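To keep things clear, I will list the structure first and then write my remarks on it.
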Amino acid sequence: METIKVTIDNKTVEVPKGTTINKAARKLGIDIPVLCWMELHDLNIENKPAGCRICVVEVQGRRNLAPSCVTKCEEGMVVKTHTTRVLNARRTVMEFILSDHPKDCLICAKSGNCELQAMAHQLGIREIPGQEIAAMSTYRKDTSPSIIRDLDKCIMCRRCEMMCNTVQTVGALSAVNRGFMAAVAPAFEQNLEHSTCTYCGQCVAVCPTGALTEVDHTPEVLRALADPAKTVIVQTAPAVRAALGELFGMEPGTLVTGKMVTALRALGFDYVFDTDFAADLTIMEEGTELLDRLTRHLNGDKTARLPILTSCCPGWVNFFEEYFPDLKDVPSTAKSPQQMFGAVAKTYFADKIGISRKDLVVVSIMPCLAKKYECQREEFSVDNNRDVDFSISTRELAAFIKQANIDLNNLEEGQFDSPLGESTGAGVIFGATGGVIEAAVRTAYEVYTGKKLSRLDFTELRGFEGVRSATIDFDGLPLNIGIAHGLGNARKLLNDVRSGKSQFHAIEVMACPGGCIGGGGQPLHHGDSEILKARAAAIYKEDKNKPLRKSHENPFIIKLYEEFLGKPNSEKAHHLLHTKYFDKKKKIIVKQ
Amino acid sequence: MAREKMQILICGGTSCSDKQSEALADNLKLELEANALENDIKVVRSGCFGLCNLGPVVKIVPGDVMYVKVTPDDAREIVSEHIMKGNKVERLLYKDPSGKTKSAEKELSVYKKQLRIVLRNCGIIDPENIEEAIAHDAYEALGKVLTEMKPLEVIKIIKDSGLRGRGGGGFPTGLKWEIAYKNKSDEKFVVCNADEGDPGAFMDRSVLEGDPHAILEAMAICGYSIEAHKGLIYIRAEYPLAVARLKTAISQAREYGLLGKDIMGTGFDFDIDIRYGAGAFVCGEETALIHSMEGMRGEPTVKPPFPAESGFMGKPTNVNNVETFACISPIILKGASWFSATGTEKSKGTKVFALAGKINNVGLIEVPMGTTLREVIFEIGGGIRKGKKFKAAQTGGPSGGCLTEKHLDTPIDFDNLTAAGSMMGSGGLIVMDEDDCMVSVAKFFLEFTVEESCGKCSPCRIGNKRLHELLEHITKGKGTLADLDRLKNMSYVIKDTSLCGLGQSSPNPVLSTLENFRDEYEAHVTVKKCPAGKCKDLMEYFIIAANCVGCTACARVCPVGAITGERKEPHFINPSICIKCGACMEKCKFDAIIIQ
Amino acid sequence: MKKVKSPADLRKIKDEVRERMYSKEKIRVRVHMGTSGLASGAREIYDFLRLELEKRNIHASVISTGDMGYSHAEPTLEVTLPGKDPVVFGNVDKLKADDIIENYIKNGEYVDGILPANYRKIE
């Protein structure tokens, strides 16, 4: 690789051609502050509008200061990063940004987690000259089922726009207005609810300020817990346990399964269950559906469409209902684990403990914001009583635990309750990209071939590559599997399906880069992809440590079928555990 | 027709700063009357001949005899000698440095300040008739290029001519073409920037309306030179007439085989489409323009990469402004040295300016680079309106700077304007007189850039707004001396850190007015007065007791009862009640009321 | 339709049109109808001239062109009498247009408002 030499603050470094000043400086231990720039290295995601102008440096021979985040090093370039001119410019620009930003940090959802706040602190800003005559750009607040937009706090870093358009190809958010009133919003400044938004929450995950936050459902949960007439049960998604610890000062990748269970019990939940149980159930239903379609397809049945697409991810479901309604019979009809859990809890479990579904409140802890929308879907209610009453994110749970004076660090390791808390390793790996299909393969292989698997770790299905494929030998039948995470990658595979070019038998899609571990409801990664990798490692570790690692071996799943559902894809299973999809292509509604 | 009647034309008129010609006309008429010739010989006041340094001039037809530097006293001799006897008045004829006499207007035209290269056909040809354009040399240069020259030869001529981009930046056009030529690609584009966002500038529009084929031809020449086969004209949708004429021109050129496949049978293909802009100022910036054409938000991106490497649809793209393209064909036909003979050392050719503001002859002019501001304003522009005093001229549009009296004799070219803290920009030239408050002027221009910022980078999005607010604060009399330092610091930082040319130049009006009219700023913040009497909040109506006769007219007309005083005694205006409507001042017959 | 198949074809058209445009017998009137001209009422003048010249039995071609840049004097128009240099008149309203027809076009007599060519042209 061609390399070049640059001198930064009198120190010379050799870097590959194409390296930016900022990265070259980092090699020298010079930490030039960045605000709008963000990179998720292994995921090939970079936001570089060069808009905030915080990272400007002096480049010898150039008339103006250069943004170090995008300016590439040139041979012999001489750069100064902390001259009076640079420091004055950086401070003045920061004062500009702050002069148009609300100062309600004390009650902001992002307080303590806000990159703008941190930058103000780092630059030592103590006052904003001229604030008394400075107008602020203010906008209408917008609340959707999952996400709140408070554009007063938008600093035009464009990260959300990049995520929504470039990574997710959802196209719900883009810059609107110009000049002082410029902000990122849906077209025609509609509400998010009327846009193409899938509620994947990736915009929230990358927003450096409090402009994009989740809708907080903890007050409703608290109210339910305080109601003596209600039995309140909780389910926790696999990715939550791999990230919750971060919000209590633990290293990324610390597993807090047991402590989380204890905390939930301390919060007053009557039963602490695991979404992993429902994940195992999903494998039974989805796996059976796959084998059924596959067998029919191999027998020449033209109505059996392949590939089958996973349907666990609500952001993904929203995406294909919006953009590929013509393919709505392609995904598996299996509900997501969250909703399977709710359906089973409000029938089987409610019967078991002898209460009516009205008196049972199901709460889910999810790494996801789209789950909030999913549990509000009409088809997931019976007589206006939702199967899952409330969904709160990992971040909301952490805040909830802190408010209840519980120190997660010093809790005992608890155990999930039975029966809906029992799961296998297959259920756990649902939390990372490739995990759902790996779990499905473990079961489908044994059911299809009637043979025991000799190995359970399908490493060929793991990783962070945006689109992956692998062929698994089903005892002579080569099963082609495709995996995509991030909706932009999913779109590529979907386009192939639409045009009939796809060679896959099954495709797994997760809306968020990295899968649920990188979900919109997870602790903010602030652009550090190492955090995502550590979470994924934790998930696979939990799988490895489980005594049972195949869904169909979960004794409580077996019991559920025996006592209640009959067999996978039975009529009852269909009624409770399967769903259908709708054409939700948005018509643009322009407010008059 | 009978023998041609004798007529006398005198330059000047209401729009001329030289008032001598008026007396001259009167004298001529008197002389004719004295000789009973007033019914046979007509005296006509005409507009400017462009020979102001020789003026006033008198032209007599038939014969087209031009007398120069004529004074009112010369009227008698002109009538008695020329009119009565048919003898030329030798001493009033122009003599060149060698002593040779020149009497015909045509011989004198070399002394005219304006030179029309860009505007050569505007108003001369019917823009909707390609044949008239062809009759005026259109497509001849294209034919020459296609049949006689190689791309690099064309580029060399353009480079040698010294032509620099007329859109504002002044980047050497030939070099731009060369870079685009050297970036090899399966597809390249030629883009004509007809966004013309600078308010007050309309030369691009005039060229497109008056001579659209000049642009089409130049784009095709550029296409041949950089090996592109597709041209795009980015024009604001607010120019419906220009769009209509362009469309007509394009379809006629296609019909005649001058655009499209196999142009003039040479095998070269080139076609042009029109793209519409929504009229955003920032879309004149080439990267923003390209994004806008791609259907994206009109926002600039960091350069490099330059459009010549990665432009429209990621392909090498050469973007030139309308006025730049309008220079191409004459350069090809007449050669690089013909073009470079006009202008200054580093700025060749001519520049079109749009004169506006407090100047008599508003409109478009085209002068050689290096013409002084004095010549432009006082000769070609006819001076300041209503005989007021010249104060400043804003060049380069809203993001340019102002030039003052001390710059009047500076030759105008790219580099001198930059050195004076202004810029060439697209050639808007707004003239201000003694009644203009320079703080308000800076505020006015800032208001425009605040509106037109795309909002992508923080210094431009927020900084310009803060500048504007602070200027507003100062014009309200609430500023302090420290605010002036803050203005300066903010301006420098905005220039230093903004992403594109808009923000990098938007504080120029603030900086240049601060530099040239600091005393005016200081008056606003220290004694809270606006020397030009423009800032309403800083005005106070005041009655000079010595002039007031106590007629009570002012007190009666005052709508808020701010004026008190006994009959026949001097009156007094209570400033805390006064709403500064000015009614009293209008009513006062004794000039007793003044503004302070 | 004339397809130009070579630079020689172009030259042929050029010569033909020049001959036609600058024929010595024709009165030519060009009304400057760019945006500035139109905004000041050039369309009205154009219509007026076409109608009146015909009414008064004067054979002339009236054509619309772009502006010359004389914004301070719009509407402007240019009259070329046979064998004479073109003359531009500014601030033309209907009254002035009538004046131009009666005095200049009919008798070659100047009227106020002449805008002499104050510029050099490309040779």
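Residue numbers (our numbering), protein chains in the order written: chain A, 9 to 600; chain B, -10 to 585; chain C, 107 to 229. Even for Gly, the Cβ is constructed at its ideal location relative to N, Cα and C. Quantities reported herein were computed from a predicted structural model and do not represent experimental measurements.
Worksheet entry | Listed by chain order, chain B residues near D218 (chain C) by CB distance under 7 Å | Within the third sequence, the letter at position 112 stands for residue 218 (chain C). Residues of chain B passing the Cβ test: V33, R34.
Worksheet entry | CB contact below 7 Å: G452 (chain B) versus chain A | Against the second sequence, residue 452 (chain B) aligns to sequence position 463. It does: the Cβ of G452 (chain B) has a partner Cβ on chain A nearer than 7 Å.
Discussion item. I need the DSSP call for M(-10) (chain B), collapsed to helix, strand or coil.
Written reply: On the second sequence, residue -10 (chain B) is found 1 positions in, with the first residue counted as 1. Reliability of the predicted coordinates at M(-10) (chain B) is poor, the pLDDT of 38 falling under 50, and the value obtained from them is presented with this limitation in mind. In this structure, M(-10) (chain B) counts as coil in the three-state DSSP scheme.
Discussion item. I believe L263 (chain A) touches A247 (chain A) by the beta-carbon criterion, under 8 Å. Please report the beta-carbon distance rounded to the nearest angstrom.
Written reply: Position 255 of the first sequence, counted from the first residue, corresponds to residue 263 (chain A). Position 239 of the first sequence, counted from the first residue, corresponds to residue 247 (chain A). Not a contact, Cβ separation roughly 11 Å.
Item to complete: Indicate whether at least one CB of chain C lies closer than 7 Å to the CB of D115 (chain B).
Response: As a position in the second sequence, residue 115 (chain B) is number 126, starting the count at 1. Judged by the 7 Å Cβ criterion, D115 (chain B) is in contact with chain C.
Worksheet item: Exposed or buried, what is D173 (chain C) when buried is set at 16 or more other beta-carbons lying within 10 Å of its beta-carbon?
Response: Locating residue 173 (chain C) in the third sequence gives position 67, where the first residue counts as 1. Buried.
Item to complete: Report yes or no: is there a C-beta of chain B within less than 7 Å of the C-beta of I151 (chain C)?
Response: Here the question's residue 151 (chain C) lines up with position 45 in the third sequence. So, not an interface residue.
Worksheet item: Looking only at DSSP bridge pairs, what is A381 (chain B) linked to?
Response: Within the second sequence, numbered from 1, the residue matching residue 381 (chain B) stands at position 392. In DSSP, A381 (chain B) forms a bridge with B:T393, B:M421.
Worksheet item: Alpha carbon to alpha carbon, what distance is there between I552 (chain B) and A544 (chain B)?
Response: The count along the second sequence starts at 1 and reaches residue 544 (chain B) at position 555. The count along the second sequence starts at 1 and reaches residue 552 (chain B) at position 563. Rounded to the nearest angstrom, the two C-alpha atoms are 5 Å apart.
Discussion item. Between H280 (chain B) and chain A, is the shortest Cβ-Cβ distance under 7 Å, so that the two count as touching?
Written reply: Here residue 280 (chain B) refers to the residue found at position 291 of the second sequence. Taking Cβ atoms only, chain A never reaches closer than 7 Å to H280 (chain B), which makes this a no.
Worksheet item: Any idea which residues DSSP pairs I373 (chain B) with across the strands?
Response: On the second sequence, residue 373 (chain B) is found 384 positions in, with the first residue counted as 1. B:I348.
Worksheet item: Got a sec: does the ligand HEM put a non-hydrogen atom nearer than 6 Å to the Cβ of V516 (chain B)?
Response: Annotation note on the ligand HEM: not contained in the displayed structure, which lists no ligands.
Worksheet item: Of all the options B:E274, B:E20, B:I49, which has the alpha carbon lying nearest to the alpha carbon of I(-3) (chain B)?
Response: As a position in the second sequence, residue -3 (chain B) is number 8, starting the count at 1. It is B:I49 whose Cα lies nearest to the Cα of I(-3) (chain B).
Worksheet entry | Same chain, Cβ closer than 7 Å to A127 (chain B), neighbours up to 5 away in sequence not counted | To locate residue 127 (chain B), count along the second sequence from 1; it is residue 138. Counting only Cβ-Cβ distances below 7 Å, and skipping sequence neighbours, we find H202, A203, E206.
Worksheet item: In chain C, which residues lie with their C-beta within 8 Å of the C-beta of R194 (chain B)?
Response: Residue 194 (chain B) sits at position 205 when you count from the first residue of the second sequence. By Cβ distance, chain C contributes G140, T141.
Item to complete: Report yes if the C-beta distance between R176 (chain C) and G189 (chain B) is below 7 Å; otherwise report no.
Response: The residue given as residue 176 (chain C) occupies position 70 in the third sequence. The residue given as residue 189 (chain B) occupies position 200 in the second sequence. Checking the sequence shown, residue 176 (chain C) turns out to be Tyr, not Arg. Cβ atoms of Y176 (chain C) and G189 (chain B): not closer than 7 Å.
Worksheet entry | Complete runs of the alpha helix (DSSP H) confined to the region 156 to 236 of chain B [at least 4 residues] | 162 to 171, 192 to 199, 201 to 215
Worksheet entry | Option nearest I592 (chain B) by Cα separation, candidates B:I463, B:R455, B:C316, B:D508 | Nothing can be reported for residue 592 (chain B): it is not among the residues displayed for chain B, which extend from -10 to 585.
Worksheet item: D218 (chain C) and V341 (chain B) look like a contact to me (Cβ under 8 Å); what is the Cβ gap, rounded to whole Å?
Response: Against the third sequence, residue 218 (chain C) aligns to sequence position 112. Against the second sequence, residue 341 (chain B) aligns to sequence position 352. That pair is no contact at about 28 Å.
Worksheet entry | Runs of beta strand (DSSP E) wholly within the region 272 to 359 of chain B (minimum 3 residues, chain order) | 306 to 310, 339 to 346, 352 to 357
Worksheet item: Hey, does R286 (chain B) have any beta-carbon neighbour from chain E nearer than 7 Å?
Response: Reference to chain E is not applicable here, since the protein chains of this structure are A, B and C.
Fill in: Contacting positions in the region 215 to 236 of chain B - beta carbon closer than 7 Å to chain C
L230
Item to complete: Tell me whether N503 (chain A) is buried or exposed, calling it buried when 16 or more other Cβ atoms sit within 10 Å of its Cβ.
Response: Position 495 of the first sequence, counted from the first residue, corresponds to residue 503 (chain A). That one is exposed.
Worksheet item: C111 (chain B) touches chain C at which residues, Cβ-Cβ below 9 Å?
Response: Counting from one through the second sequence, the residue named residue 111 (chain B) turns up at place 122. Correct list: H138, G140, T171, G172, D173, M174, G175.
Discussion item. Against Y128 (chain B), what residues of chain C qualify as contacts under a CB-to-CB distance less than 7 Å, listed in chain order?
Written reply: Along the second sequence, one-based indexing puts residue 128 (chain B) at 139. L116, listed in chain order.
Item to complete: Quick one: measure Cβ to Cβ for E330 (chain A) and K575 (chain A), integer angstroms, because I've assumed they're closer than 8 Å.
Response: To locate residue 330 (chain A), count along the first sequence from 1; it is residue 322. To locate residue 575 (chain A), count along the first sequence from 1; it is residue 567. In fact, because the Cβ distance is near 34 Å, the residues do not count as touching under 8 Å.
Worksheet item: For D508 (chain B), does the count of other Cβ atoms within 10 angstroms reach 16, so buried, or fall short, so exposed?
Response: By one-based count along the second sequence, residue 508 (chain B) stands at place 519. With fewer than 16 Cβ atoms within 10 Å of its Cβ, D508 (chain B) is classed as exposed.
Worksheet entry | Neighbourhood of I539 (chain A) by C-beta, 6 Å cutoff - its chain only, sequence neighbours within 5 removed | Your numbering for residue 539 (chain A) matches position 531 in the first sequence. Here the set comprises P260, H533.
Worksheet item: Looking at C77 (chain A) and N30 (chain A), is the spacing between their C-beta atoms short of 7 Å?
Response: Residue numbering aside, residue 30 (chain A) sits at position 22 when the first sequence is read from its first letter. Residue numbering aside, residue 77 (chain A) sits at position 69 when the first sequence is read from its first letter. Yes, they are a contact pair.
Worksheet item: Are the CB atoms of D278 (chain A) and F424 (chain A) nearer to each other than 7 Å?
Response: In the first sequence, residue 278 (chain A) corresponds to position 270, counting from 1. In the first sequence, residue 424 (chain A) corresponds to position 416, counting from 1. Contact flag unset, no.
Discussion item. Assuming Q346 (chain A) is part of the alpha helix (DSSP H), what are its boundary residues?
Written reply: By one-based count along the first sequence, residue 346 (chain A) stands at place 338. Its alpha helix (DSSP H) spans residues 345 to 352.
Item to complete: If I'm right that K80 (chain A) touches G26 (chain A) with Cβ under 8 Å, what's the distance once you round it to whole angstroms?
Response: Working through the first sequence from its first residue, we reach residue 80 (chain A) at position 72. Working through the first sequence from its first residue, we reach residue 26 (chain A) at position 18. So it is a contact: roughly 6 Å between Cβ atoms.
Fill in: Chain-ordered residues of the region 135 to 152 of chain A with a beta carbon less than 9 Å from chain B
P137, G138, I141, A142, A143, S145
Worksheet item: How many angstroms separate the CA atom of H493 (chain A) from the CA atom of A245 (chain A)?
Response: As a first step, residue 493 (chain A) must be located in the first sequence, where it is residue number 485. As a first step, residue 245 (chain A) must be located in the first sequence, where it is residue number 237. Rounded to the nearest angstrom, the two C-alpha atoms are 18 Å apart.
Worksheet item: Using the C-alpha atoms, what's the distance from Y245 (chain B) back to G132 (chain B)?
Response: For the purposes of this step, residue 132 (chain B) is identified with residue 143 of the second sequence, where counting begins at 1. For the purposes of this step, residue 245 (chain B) is identified with residue 256 of the second sequence, where counting begins at 1. Computed Cα separation, rounded: 13 Å.
Item to complete: Mind listing the chain B neighbours of S507 (chain A)? Cutoff is C-beta to C-beta under 7 Å, in chain order.
Response: Position 499 of the first sequence, counting from 1, holds the residue named residue 507 (chain A). Going along chain B, no residue has its Cβ under 7 Å from S507 (chain A), so there is no contact; the nearest lies around 23 Å.
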